[in-house]
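With the numbering used here as the guide, the letters of the sequence shown map in order to residues 7 to 265.
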Amino acid sequence: MHQESRTRDRVRLAVGEQGPVSASALAGELGLTPAAVRRHLDALETEGLIVEHEAASVGRRGRGRPARAYVLTTLGQDRFSSAYDDVASAALHFLAREAGDGAVQAFADQRAAELETRLRTRVEERMAASGADPGDLDARADALAGALSAEGYAASARPVGQGTGLAGIQLCQGHCPVRSLASEFRHFCDAETDVISRVLGVHVQRLATLAGGEHVCTTFVPTGAPGSGPPSDEERARARPYLIPRTTDQAADDERSTQ
């Protein structure tokens, strides 16, 4: 029974690190039979720790039903959360009360700047090692996914909408080290989105976030579109409804700003 529990924990951790991920992929990664993995997945799903993920798609779908892929639920994500989350949250609330929202934004920006430095280094190393053209956005997105995974984001990148007017890359993050904090302070999601935009050199759009209650953070990266740097305030304002649901106070602020 103890071995069974340890194996189930391995499966759960692998889903958190690699999700969305299929049973066959997990079997290959963990050295288990597909049947054994499915048994553990069924148990984890029953416990409410994982859920089947229906990947969003753009454009035409291929024939047949895609393989079932799994991600952690909010409860499953909580198992990843650090015991220091409550302390960090209290510290940020104190900072906001004592120094204002701008201080929280400055903290989020500083953290993002440090993350960007590490990501850029890893991306350039991966690009050089692969021999990819520096201007190859697909290769750069793959390199960024690997760099984000090294930071604990369990990221992956895949092309979507090929052959349509909405061709791009879907960057998914199955885990967020600051999910709990970002659910209270959207500054972290905004700052992280800007980092992704700057590292890739194109405007990107966040479609869903773990902090907003979704099972995966999803960012759309348009391919073949010129431009660099983070989105403008106007563009980010249009995308913000897809990030974290606004509170009543935030909605009221927006209403007053339009009057």
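C-beta atoms are modelled at their ideal positions from N, C-alpha and C, and glycine is treated no differently.
- For Leu177, the uninterrupted beta strand (DSSP E) run begins and ends at 174 to 179, by DSSP.
- In this structure, Thr199 places its C-beta atom within 9 Å of the C-beta atom of Arg212.
- Segment contact: the segment 216 to 228 against the segment 181 to 193, three or more CB-CB distances shorter than 8 Å; contact assigned.
- Taking C-alpha positions only, Ala29 is separated from Gly108 by approximately 45 Å.
- Gln168 is classed as exposed because its beta carbon has fewer than 16 other beta carbons within 10 Å across all chains shown.
- Annotation for His59: no alpha helix (DSSP H) segment contains it, though the beta strand (DSSP E) segment containing it runs 56 to 59.
- If only complete runs of 4 or more residues are kept, the segment 123 to 168 shows the alpha helix (DSSP H) at 143 to 156, in order along the chain.
- In the assembly as shown, Thr52 is an exposed residue. Its beta-carbon has fewer than 16 other beta-carbons within 10 Å.
- Under the three-pair Cβ rule at 8 Å, the segment 144 to 159 counts as touching the segment 117 to 134.
- Of the other Cβ atoms in all chains shown, 16 or more fall within 10 Å of the Cβ of Arg146; this residue is therefore buried.
- In the DSSP annotation of this structure, the continuous segment of the beta strand (DSSP E) that includes Cys223 starts and ends at 223 to 228.
- In this structure, Ser162 sits away from Ala149, with a CB-CB distance that is not shorter than 9 Å.
- Among the bridge pairs identified by DSSP, Ala75 is matched with Ser28, His59.
- Between Val222 and His99 a beta carbon distance of about 27 Å is seen, past the 8 Å cut, so the two are scored as non-contacting.
- In its chain, beyond the 5 residues on either side, His193 have a beta carbon closer than 6 Å to the beta carbon of Gln111.
- A straight line joining the alpha-carbon of Thr123 with that of Val184 spans about 18 Å.
- Pro140 and Ala75 do not touch by the CB rule: their CB atoms are close to 32 Å apart, not below 8 Å.
- By the neighbour-count criterion, in which a residue is buried when 16 or more other Cβ atoms sit within 10 angstroms of its Cβ, Arg103 is exposed.
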